[in-house]
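When we follow the working numbering, the leftmost residue of the sequence shown carries the number 43, and every step to the right adds one.
Cβ atoms here follow ideal geometry from the backbone N, Cα and C, with glycine treated the same way.
This report concerns only the one structure given below.
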Amino acid sequence: MKILVTAAVVTLVSFPACAEKVAVGCQLVSQYSEDQVGYLLGEARSVIGDQETNRIYGHYVSLRSACQYDGNATRVVNLPPALRDLLAQNGVDIRRFARRM
Numbered sequence: 043m044k045i046l047v048t049a050a051v052v053t054l055v056s057f058p059a060c061a062e063k064v065a066v067g068c069q070l071v072s073q074y075s076e077d078q079v080g081y082l083l084g085e086a087r088s089v090i091g092d093q094e095t096n097r098i099y100g101h102y103v104s105l106r107s108a109c110q111y112d113g114n115a116t117r118v119v120n121l122p123p124a125l126r127d128l129l130a131q132n133g134v135d136i137r138r139f140a141r142r143m
């Protein structure tokens, strides 16, 4: 029962409606390799789900491509609280790379 309640809470907390919108720029792409981003998103998959993880990865790929031509490129992403916490636990201070929208 406790597992079901925990899963329900994680689902509600990570639901995009509860997420914070942030703009992420090229500094993120230059700071972290694709392998590092893939690892963190792999860890996040169990917390925020496949669909949200795939959406965030799509924004990362789009940003990486845009940064090759425009060093000021940004992408706006929904940052679920559960993902923000997971990033912090792995030493990623998202405030260094993103601004609130």
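- In the three-state reduction of the DSSP assignment, Ala130 falls in the helix class, which pools H, G and I.
- For Val134, the closest of Lys63, Ser104 and Tyr81 by C-alpha to C-alpha distance is Tyr81.
- Here DSSP, grouped into helix, strand and coil, assigns Ala61 to coil.
- DSSP places Asn96 within a helical segment (H, G or I) once states are collapsed to three.
- Residues of the same chain with a CB within less than 8 Å of the CB of Arg106, apart from the 5 flanking positions on each side, are Val71 and Glu76 in chain order.
- Beta-bridge pairing by DSSP links Ala86 to no other residue.
- The beta-carbon separation of Ala61 and Arg141, rounded to 15 Å, does not stay under the 8 Å limit for a contact.
- When Arg126, Val119, Gly91 and Pro123 are compared, the shortest CA-CA separation from Val103 is found for Val119.
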